[in-house]
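Chemist: Mind looking over this structure? Questions follow.
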Amino acid sequence: MTIVDVAKNLNLSIATISRAINGTGKIKEETKKRVLDYVKEVGYTPNAIAINLSKQKTRNIAILVPNITNSFFSNLVNEICKTFNKKKYNVMLYNTSESRDLEREAIRNIAAQRVNFVIAILVKSNYTNNPLKRLQSLGVNCILLDRDVENYTFNGVFLDNYSGSYEITKRLLEEGHKNIGIITGESTITSSNERLKGYKDAFKDCGLNIDENNIFKGKFNIETGEKAVEYFKNRNITALYSVNNQILLGVLKKSLEINKHLRLACFEEDDVIRALGIDVLACKIPVDEISEVLLQSLEEIKDGKTYIKPILIK
């Protein structure tokens with residue numbers, strides 16, 4: 015039996031169970047007694063690592079990032095480090111390279127260390143057994159960032175992917191573009207699906223039909239952008255919308271002068287592309303606001319708040 019099972023059987027949060035067992039934090043005496051009586055009855059023995067984490071509070075935070083070469087993620091991590099370092103937190107970075115195997119390995123490493131908080135941008139959104147549940151069972155607090163997950167409830171800070179994508183597409187339509195190609199990422203990632211839905215709904219709300227042949231589905235990587243350029247070569251599109259900057263880099267790698275023929279758009283603004291003077295319609299992601307909201311969420315969890323309603327950054 016794990017602490018997750020105890021929490022589920024008593025219909026309480028993992029954090030509440032942990033506080034009752036370890037005698038830390040604020041908890042009602044009747045709740046504490048109920049927990050202690052139950053664990054004694056079933057013979058539950060807390061994991062030694064979890065006890066160590068609860069009694070030896072650290073200021074160690076781990077960040078899981080799926081692709082540090084993505085300028086959005088690197089800028090975001092840089093801002094998070096600056097924000098948290100000011101508060102004397104130690105930040106450890108794990109780059110999972112969009113690999114579930116590397117993600118599992120990173121989580122195993124985190125579980126073996128004295129880490130109290132994990133900020134996770136997971137590789138996928140659909141898991142049969144979410145790896146973060148392992149960390150929660152050890153008393154590690156987890157906050158999802160950017161990508162939500164299905165069938166699990168975690169604290170989280172997310173971008174408004176739908177609205178941003180809707181506004182980009184609407185702007186292109188207002189500029190007179192009706193034949194707009196879109197390059198999306200994996201359907202197993204919520205942000206990709208939300209951005210595609212924003213694109214489709216913008217067409218619908220403008221009374222226009224969607225040409226499914228103008229949707230190229232791939233991955234959040236440069237290769238997808240390169241393949242998409244070949245795909246759209248004879249599609250007579252006038253605008254091309256990449257749902258992340260890695261895809262856009264692939265588009266430009268295939269044809270650096272493509273912007274002379276097509277109106278380019280990207281969900282995430284890229285500093286390098288902007289510095290090169292390439293005109294791209296894009297959302298400016300408020301990484302400073304995201305890092306401050308993450309810090310605020312972490313402080314609330316430290317103060318005993320076990321669940322924070324997911325926060326949407328517009």
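Offset between the sequence shown (1-based) and my numbering: plus 14.
Here a beta-carbon is modelled for each residue, glycine too, at the ideal position from N, C-alpha and C.
None of the values given here were measured: they were computed from a predicted structure.
(1) Go through its chain and collect everything with a Cβ distance to K298's Cβ below 8 Å, but skip five positions before and after it.
(2) Given D162, which residues of its chain have a CB within under 7 Å of its CB, disregarding the five upstream and five downstream residues?
(3) Looking at the secondary structure, which residues open and close the beta strand (DSSP E) in which E282 lies?
(4) Please report the distance separating the alpha-carbon of V279 from that of K233.
(5) From this set, E188, N175 and L186, which residue's C-alpha is nearest T198's C-alpha?
(6) Look at the Cβ atom of V20, then the Cβ atom of A76, and state whether they are nearer than 7 Å.
(7) Return the residue from the list Y103, L270 and D302 that minimises the CA-CA distance to L290.
(8) Between K96 and I304, what straight-line distance do the alpha-carbon atoms span, to the nearest angstrom?
(9) Quick one: residues in its chain with C-beta nearer than 7 Å to the C-beta of R73, no 5 flanking neighbours on either side, listed in chain order?
(10) My understanding is that I272 touches L266, with C-beta atoms under 8 Å, so please give their C-beta distance in whole angstroms.
(11) Just checking my contact of T110 with V137 at CB under 8 Å: how many whole Å lie between their CB atoms?
(12) What first and last residue would you give for the alpha helix (DSSP H) that runs through S85?
(13) So, are the CB atoms of T183 and A134 less than 7 Å apart?
(14) Who pairs with C156 in a beta bridge, going by DSSP?
(15) Do I251 and G178 have their beta-carbon atoms positioned less than 7 Å apart in this structure?
Modeler: Let me spell this out:
(1) E283
(2) S139, G170, F172 and T204
(3) R277 to E282
(4) Reading off the sequence shown, one finds Ala at residue 279, where the question assumed Val. Cα-Cα distance, rounded: 17 Å.
(5) N175
(6) no
(7) L270
(8) 12 Å
(9) K102, Y103 and N104
(10) 7 Å
(11) 6 Å
(12) S85 to K100
(13) no
(14) V132
(15) no
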